[in-house]
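*Asks:* Quick one: the structure is below, questions incoming.
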Amino acid sequence: MSSGSFRSSGNSGLFGEKWRPGVKLVTYDDGIPFTAFLEEESLRNYRQNLTNEFVLNLRIFREGLILPTPIGRNRHEFVMLESTHWYWTFEKNTECILAIGVTDYRVKNKIRESYSLFDVLEWILDSGQLSHDYNVFARNCQVFARDLFFSIPGSAPFAVIGTILENALPRILPLP
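For the sequence shown, this note's numbering assigns the number 448 to the initial residue and increments by one for each residue that follows.
Okay, structure coming up:
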């Protein structure tokens with residue numbers, strides 16, 4: 448089966464056909480929704496407001512897929528991080544990088560001011576993530592989540608000693 452016939456068989460987007468180089472930002476500040484699509488220049492401007500929004504906690508989440516994929520990894524992965532005033536998820540899908548932020552359920556008094564959301568967005572910009580089309584085999588959500596997770600200082604030692612991957616439901620899964 449050629450990739451052309453594979454693409455036309457209902458798997459549109461698996462190889463970057465729908466990709467837009469930018470971040471879809473969705474925030475809920477005290478329950479009030481805001482959505483914007485930030486291309487590179489807008490993202491560079493937006494991150495300037497986040498230099499004091501420090502990363503406090505970091506996890507990779509795993510969620511099983513409803514439909515099987517053409518590759519053996521039937522799961523979606525994304526990064527969740529807790530920052531000074533927000534909880535954020537960062538994930539890659541077939542259309543863009545998606546960042547969702549909420550202010551609810553804050554955990555207080557855990558500030559470790561070292562790595563900020565500015566740094567997370569800078570990594571997305573400087574590592575070329577916006578120009579990496581989605582590819583189900585090579586540049587998928589799992590690769591993006593792993594790369595972002597390991598780009599944050601302090602994440603590697605935790606992964607080495609057995610970082611827990613959690614399902615989007617509250618089930619805890621072991622490392623593969």
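For each residue, glycine too, the CB sits at the ideal point set by N, CA and C.
Here the structure is a predicted model, which is why all the values come from computation and not from measurement.
Identify, in the order they occur along the chain, each residue of the same chain with its Cβ nearer than 6 Å to the Cβ of threonine 536, setting aside the five sequence neighbours on each side.
*Replies:* Looking up residue 536 in the sequence shown gives position 89. Within the same chain, threonine 536 has close Cβ partners Phe525, Met527 and Ile547.
*Asks:* For the alpha helix (DSSP H) containing alanine 592, list its first residue and its last residue.
*Replies:* The sequence position of residue 592 within the sequence shown is 145, counting from 1. 588–598 is the span of the alpha helix (DSSP H), which, as asked, contains alanine 592.
*Asks:* Spatial neighbours of leucine 472 within its chain, please: CB distance less than 6 Å, with the 5 preceding and 5 following residues excluded, ordered by chain position.
*Replies:* The residue labelled residue 472 in the question sits at position 25 within the sequence shown. Excluding the 5 residues flanking it on each side, leucine 472 has same chain C-beta neighbours closer than 6 Å at Ala483, Leu485 and Ala546, in chain order.
*Asks:* Among Asp573, Val583 and Gly478, which residue has its Cα nearest to the Cα of valine 549?
*Replies:* Mapped onto the sequence shown, residue 549 falls at position 102. Comparing Cα-Cα distances from valine 549 to each of Asp573, Val583 and Gly478, the minimum goes to Gly478.
*Asks:* Given a cut-off of 8 Å, decide if leucine 568 and leucine 503 are closer than it, judged by their beta-carbon atoms.
*Replies:* What you label residue 503 is simply residue 56 of the sequence shown in a count that begins at 1. What you label residue 568 is simply residue 121 of the sequence shown in a count that begins at 1. Not a contact, by the Cβ cut-off of 8 Å.
*Asks:* Compute the beta-carbon to beta-carbon distance between leucine 564 and leucine 505, rounded to the nearest angstrom, for a pair I have assumed lies under 8 Å.
*Replies:* Here residue 564 refers to the residue found at position 117 when the sequence shown is read from its first residue. Here residue 505 refers to the residue found at position 58 when the sequence shown is read from its first residue. At roughly 12 Å, the Cβ-Cβ gap does not stay under 8 Å, so leucine 564 and leucine 505 are not in contact.
*Asks:* To the nearest angstrom, report how far apart glutamate 488 and glycine 575 are at their CA atoms.
*Replies:* Counting from one through the sequence shown, the residue named residue 488 turns up at place 41. Counting from one through the sequence shown, the residue named residue 575 turns up at place 128. In a straight line, the C-alpha of glutamate 488 is about 13 Å away from that of glycine 575.
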